[in-house]
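If you're matching positions, the sequence shown starts at 2 in the working numbering and goes up one per residue.
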Amino acid sequence: MPDDKQKSKDNEIAGLTPEEAQGTEAPPSISPVKKILVFGGIGLVVFAIAVGAFSFMMGVFSSAPEAGPAASKTADSTAVAGPVATTAPVAEDTSDIDALEQKIFGQGKSPVAAGDMDDIVRMADTLPAVKDPVDTAVAAVPPPVDEQATLEQQRAEIAEQKKQLEQQRIQLEQLMAKTSVMESSRITALARLYDGMKAAQVAPLIAKLSDDQAVLVLLKMKPANAARVLGELPPETGGRLSARMITLTEEK
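Shown next as structure tokens:
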């Protein structure tokens, strides 16, 4: 073949033997045994890496606290202890209560069981409620009265009283006027009677009257008769009645 001849020439020029020329043309093929060994080594490396990673992860998880068993133990202890607080601060707060229970129930004795709490609560509900003294005092205070209504009622009462007083005043004035008329009539009649008597007889009677009455009688008498009566009276009494008569005359 021309190609084979050309290749032989090239090999000869390059100084290669026929075996070397054949080795350069195609690489030697790998046997199946070598392939198995190679893949087996790679598999061992991968398996070693996987085992190391798994061991590392197991070491990390083993260092963390086990929450499951602890939680179950806490739940069991809570169920056994009954209504006891589960946190440390609350347990400290209930220490006084525990001490009080020991004083009441005795050392080493347990308080009321949790199952009896429902009965105690039911018994407490049946007890009568204690009234708050403040509420009782407030209930005893009468409700506030409407001040506006009270003021209106007082005004109405005052107006009624004023009306009654006005009526009484009118009645009193009428009575006084009637009395004055009657008195005036009596004084006039008495003056006429004294005019028919002697002055010596009238003087003692005039002296027994009040100054106002005596003055009114003398004014109703005739002036001459009244002058003679004043002359029969004691000088002091006559002077006082005369001054009073002058005052009443000026007022009229």
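By construction, the Cβ of each residue, glycine as well, lies at the ideal position given by its N, Cα and C atoms.
Treat the numbers as computed from the prediction; the structure is a model and nothing was measured.
Exposed unless 16 or more other CB atoms sit within 10 angstroms - verdict on L152: If you number the sequence shown from 1, residue 152 lands on position 151. Classification of L152: exposed, given that the 10 Å Cβ count is below 16.
Test item: CB-CB of T238 and A200 under 8 Å: Counted from its first residue, the sequence shown places residue 238 at position 237. Counted from its first residue, the sequence shown places residue 200 at position 199. No, the pair does not count as a contact, with Cβ atoms beyond the cut-off.
Closest residue to M246 among D212, E233, L234 and G42 (Cα-Cα distance): Counting from one through the sequence shown, the residue named residue 246 turns up at place 245. When the alpha-carbon of M246 is set against those of D212, E233, L234 and G42, the nearest one is in D212.
Where D213 falls: helix, strand or coil (DSSP): Residue 213 sits at position 212 when you count from the first residue of the sequence shown. If DSSP states are grouped into helix, strand and coil, D213 belongs with the helices.
CB contact flag (L249, V216, <8 Å): Residue numbering aside, residue 249 sits at position 248 when the sequence shown is read from its first letter. Residue numbering aside, residue 216 sits at position 215 when the sequence shown is read from its first letter. One thing to note: L249 has its Cβ within 8 Å of the Cβ of V216.
Local conformation of G42 per DSSP, three classes: For the purposes of this step, residue 42 is taken as residue 41 along the sequence shown, with counting starting at 1. G42: helix per DSSP, three-state reduction.
Pair within 8 Å by beta-carbon distance, K221 and I188: Walking along the sequence shown from the start, residue 221 turns up at place 220. Walking along the sequence shown from the start, residue 188 turns up at place 187. With contacts defined by Cβ atoms closer than 8 Å, K221 and I188 form a contacting pair.
Helix, strand or coil at M198 according to DSSP, with G and I counted as helix: Working through the sequence shown from its first residue, we reach residue 198 at position 197. Correct three-state label for M198: coil.
Three-way DSSP call (helix, strand, coil) for P205 in this model: Mapped onto the sequence shown, residue 205 falls at position 204. P205: helix per DSSP, three-state reduction.
Residues of its chain near L194, where Cβ-Cβ distance is below 8 Å and the 5 sequence neighbours each way are ignored: In the sequence shown, counting from the first residue as 1, residue 194 sits at position 193. Nothing listed; no residue qualifies.
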